[in-house]
Structure formats: C-alpha cells, structure tokens
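Asker:
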Amino acid sequence: HTREEESHPPLRRVLSALGDSKATPAMVLVFLVVLVFLDILVFIFTASIMLRFSVWTSILWFLLPPLAQPFSMVLGPIFALTEDSRWGRLYASMTIFSVANNVVATVIMVLLLQSQSWMYDLLQLTAVTCIKIAQFICAHIHIDNLDAAYDLSFMNTSQADFLRNIL
C-alpha cells in the first residue's frame, strides 16, 4: 500500500480494493439486482410480521428513518434499469439508512414478543444488515464502473492506442 492509499478512510479502502477485483461490470450488476430482489423479499417478510402486531408499530417501523426503506425499494430497480450514477448514489444512501428500519423492527419484535425468539430476531437483523451492506458496496462499485465508462466515452482513440502512446 502506498502512503496515499493509507490516508483514505477505511470504507474507501475497502471499496477501492473491491473495485480492483476481477469482477466484471455485468457480474456486479447481476449481483446487485439479486440483492435488490432479496431485500424486497425480506422487506415483505418483515412487513407481514410487523402487521400481525399492530398497525401503529407497522407505521412506526415503516417511517423510521423517514421512508428510507420504501425509497430504497423503488430506487433499486430504477438505478438498475437507468444506470444513472446520481440515482445510484441516492439509492446507496437510502439503502444504508434503511438499516435503521431493521433495528427498529428487531427492537419492536423483541419487546413485544418477549419470548424465546430473540435469537432468531438477532439473526434476522444480522442477515438483513449484511444484505444491506452488500447492496451498498455493489452499488458503489457499479457507480464507479458507470463513471469510468462515461469518462472513457470521451476518448477519441481506443484504450490500446492511448496506452501505447503513453508508454
């Protein structure tokens, strides 16, 4: 590692290392789409559990932080279809903020159920948080790929000719 790389924040170093991997942009996009649908599936599952408690707990869970989970569910497919990096950055932000929804859901389930299911609830929180973090990382890798493709579109020569002229 160079001194410049060590000065970056830890998350930037992780994203940089993952961005330098051998994953093609198509693989990242497919993985992102799978994670988006998995996130929607988990949201529907959690919503069905929350609606069994009461409407008020469901509304509280749905609105904390303000509509992050619904925005994340809508912006995921929009970003995957349009491949616009601005939508992607908004989607990544909403995805990471929606982790708070899962924390609220877990606290509500543990407090209201007060049974032996707290281990299951914590396992669900861990799994959903891992899905959200993976979505966040994949979204940023895909955004970097889109930005690189956009920058390369302004080149008049091919990459091979460009590198040959530099070297």
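According to the numbering used here, the sequence shown is numbered sequentially starting from 13.
Idealized CB from N, CA, C, for every residue including glycine.
With a cut-off of 8 Å on the beta carbons, I'd call TRP73 and ALA117 a contact; round off their distance for me.
Answerer: The Cβ separation is near 5 Å, so the contact holds.
Asker: Helix, strand or coil for MET191 per DSSP?
Answerer: Outside the displayed range of the chain (13 to 179) lies residue 191, so it cannot be described from this structure.
Asker: For the alpha helix (DSSP H) that contains GLN81, what are its first and last residues?
Answerer: Start and end: 80-94.
Asker: So ASN168 is in the alpha helix (DSSP H); what residue range does that whole segment cover?
Answerer: Element bounds for ASN168: n/a, residue is neither H nor E.
Asker: Looking only at C-alpha atoms, which of GLN81, ASP96, VAL122 and TRP99 sits nearest to ILE108?
Answerer: Minimum Cα distance to ILE108 is reached at GLN81.
Asker: Under 9 Å, do SER70 and ASP159 count as touching if we go by C-beta distance?
Answerer: Result no, Cβ atoms of SER70 and ASP159 do not sit closer than 9 Å.
Asker: Enumerate in chain order the residues of its own chain whose CB-to-CB distance from VAL111 is below 7 Å, with the five nearest sequence positions on each side excluded.
Answerer: Answer for VAL111: THR141 and LYS144, listed in chain order.
Asker: ALA146 and PHE55: beta carbons closer than 9 Å?
Answerer: No, they are not a contact pair.
Asker: Thinking C-alpha only, which one of THR138, PHE166, ASN168 and LEU125 is nearest ARG64?
Answerer: Per the Cα distances, LEU125.
Asker: Short check: CB of SER180 to CB of MET106, under 9 Å?
Answerer: Shown here, the chain extends from 13 to 179; a query on residue 180 therefore has no answer.
Asker: Look at the alpha carbon of GLN136 and the alpha carbon of THR36, and state the distance between them as a whole number of angstroms.
Answerer: Roughly 30 Å between the two C-alpha positions.
Asker: For PRO89 versus VAL48, is the C-beta spacing smaller than 9 Å?
Answerer: In contact: PRO89 and VAL48 (Cβ atoms closer than 9 Å).
Asker: Please give the ranges of any alpha helix (DSSP H) in the region 113-179, keeping only runs that are unbroken, at least 4 residues long and fully inside the region.
Answerer: Complete alpha helix (DSSP H) runs here, min 4: 130-164 and 171-178.
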